[in-house]
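Undergrad: Let me give you the structure first, and then I'll get to my questions.
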Amino acid sequence: PCTWSSPAFYYLPLLIHTGYDSICSAGKYKSLIAKYQSVNITLAHGRPINEALSCLEECSNAWIDTSFMSDTDLEILIKRGFQDKIIFGTDFPITTLFDDTINSDIEHYRLLLKQKYVKFGDEQFYKWAAINPEKFLKNN
């Protein structure tokens, strides 16, 4: 098994849930991210955004994904220069549990992809969906 002390841990990317509760806010993880600089760590949802920004500013191995992230928060990340640290995320299958109007998962994700693409454009979306994930997984 892979634990915090396992050598394998230092080569695997990590995704951590963040939220508005004090037990899972992004700032709670800053010391962990700073301690394990060789591990790329994604702060899923990037919440709260001010704490996620602080992690991004201080830790080069911190990343953010777009799942359940508002367009306003994405715009803040871009304006602050972190467009190269954003990874497209869906939070599948959780998102389908909260919306009874969605006919299928495929329809939901097509709509989500289209909305982000239209809102942020080809260049940004390509970074989030292709370039940045490759950098994240290669750990560079």
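For what it's worth, our numbering labels the leading residue of the sequence shown as 29, then goes sequentially. All residues carry an ideal CB built from backbone N, CA and C; glycine is no exception. Computed from a predicted model, the values in this text were never measured in an experiment.
Tell me the rounded alpha-carbon separation between Leu60 and Lys107.
TA: Approximately 26 Å, taken between the alpha carbons.
Undergrad: Whole angstroms are fine: how far does the CA of Ile92 sit from the CA of Pro161?
TA: Those two C-alpha atoms are separated by around 11 Å.
Undergrad: Rounded to whole angstroms, what's the CA-CA distance from Lys142 to Tyr39? Just pull it up for me.
TA: Straight-line Cα distance between these residues: approximately 33 Å.
Undergrad: Of all the options Ile69, Lys63, Pro41, Arg75, which has the alpha carbon lying nearest to the alpha carbon of Ser53?
TA: Per the Cα distances, Arg75.
Undergrad: With respect to the alpha helix (DSSP H) encompassing Asp99, which residues constitute its N-terminal and C-terminal limits?
TA: It spans 99 to 107 - the alpha helix (DSSP H) in which Asp99 sits, taken as one unbroken run.
Undergrad: Trp156 and Asp96 - do their beta-carbons sit closer together than 8 Å?
TA: Note that residue 96 is Phe in the sequence shown, not Asp. Not a contact, by the Cβ cut-off of 8 Å.
Undergrad: CA-CA distance, Glu85 and Thr100?
TA: Approximately 19 Å between the Cα atoms of the pair.
Undergrad: Enumerate in chain order the residues of its own chain whose CB-to-CB distance from Lys113 is below 8 Å, with the five nearest sequence positions on each side excluded.
TA: If we look at Lys113 and ignore the five residues flanking it on each side, its Cβ neighbours are Leu84, Ala90, Trp91, Ile92, Leu105, Asn160.
Undergrad: State yes or no: is the C-beta of Ser82 within less than 8 Å of the C-beta of Gly55?
TA: Against a cut-off of 8 Å, the Cβ pair of Gly55 and Ser82 comes out as a contact.
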